[in-house]
Amino acid sequence: MATRFSKALRGVLGAAAVPALALTGLAAPAAAAADGLNTPIISTQNTRTIRGERYIPGISLSPDGCEIWVMDDGAEGYAVSRVTRDGRPVCHEVNVCGTLKADQYFATDSYRIYPQSRGRLEEFFRNSTAFGYIIVGHTDSRASNAYNDRLSLNRANSVASVAHATGARVIDVRGYGENYPVATNSTVEGMAQNRRVEILCVR
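Under mature numbering (1 follows the signal peptide of the UniProt record, and there is no 0), the residues of the sequence shown are numbered -22 to -1, 1 to 181, in order.
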């Protein structure tokens, strides 16, 4: 059965927080479960018209990693679970498969990836067998919340651009600024750990 959602509900869903999951390397173990994935991830690559209205169909992921067909015209939308021919839901495992230490990939206050680091990132995406990726940026607590949110999103978008260039499928890109630290921001070492971009693999 299709679920109908309004513009107001979409705003609530879009504001839902995703707890950060931290690992220490680019090629981290795939066993870290993203059980805090609460925000639907909507891909809107194609459009079509239904009964005179412009809808954007796409595939969303539920909190447990199962696919949902979404039809959204901007004011309200409909969602229905995607199932196989025999009625089973189409589900994926979602976990953190890599964490980029920002200092190794970006200069301070910059979202341009160092040329010497880009190759490592390209190799990662080319060698990965994931169905798709969610890219999430984080910062330390210096500067304002608005600035950190913008910087973390820009850095995540830079990583997503590399993924796109290798042919990888990016499902969603997010920037959470300083909201989900993995270490204290009262030390230089802790701040360095918090400046990161996480890659979540959808398998």
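Heads up, the beta-carbon is just placed ideally off N, CA and C, and yes, glycines get one too.
From a predicted model like this one, the values you see are computed outputs, not experimental measurements.
Spatial neighbours of residue i in its chain, beta-carbon cut-off 8 Å, leaving aside the 5 residues before and after
i: GLU167; result: ALA161
i: VAL140; result: ILE91, ARG96, LEU99, GLU100 and PHE103
Distance, residue j Cα to residue i Cα
i: VAL58; j: VAL68; result: 12 Å
i: ILE170; j: SER130; result: The sequence as given places Ala at residue 170; Ile does not occur at that position. Each residue's alpha carbon lies about 14 Å from the other.
i: SER95; j: GLN82; result: 7 Å
i: THR117; j: GLY76; result: 16 Å
i: ASP127; j: ARG90; result: 16 Å
i: ALA85; j: ASN132; result: 13 Å
i: HIS70; j: GLU45; result: 8 Å
i: ASN163; j: THR62; result: 47 Å
i: ASN135; j: THR165; result: 27 Å
i: SER88; j: ALA121; result: 13 Å
i: ASP150; j: SER119; result: 24 Å
For residue i, three-class secondary structure by DSSP
i: TYR130; result: Residue 130 is actually Ser in this sequence, not Tyr. It is helical.
i: VAL166; result: helix
i: ILE20; result: With a pLDDT of only 32 at ILE20, under 50, the local geometry of the prediction cannot be trusted, and the value read off the model is given with reservation. Coil at ILE20, not helix or strand.
i: PHE84; result: strand
i: ARG96; result: helix
i: VAL61; result: strand
i: HIS142; result: helix
Nonlocal neighbours in the same chain, by C-beta distance under 7 Å from residue i, ignoring five residues either side
i: THR144; result: GLU100, PHE103 and ARG104
i: ALA80; result: ARG133, ARG173, ARG174 and VAL175
Contact belief for residue i with residue j at Cβ below 8 Å, rounded distance in angstroms
i: VAL175; j: VAL148; result: At roughly 13 Å, the Cβ-Cβ gap does not stay under 8 Å, so VAL175 and VAL148 are not in contact.
i: TRP47; j: ARG66; result: Not confirmed; about 15 Å, so no contact.
i: TYR154; j: GLY115; result: 7 Å
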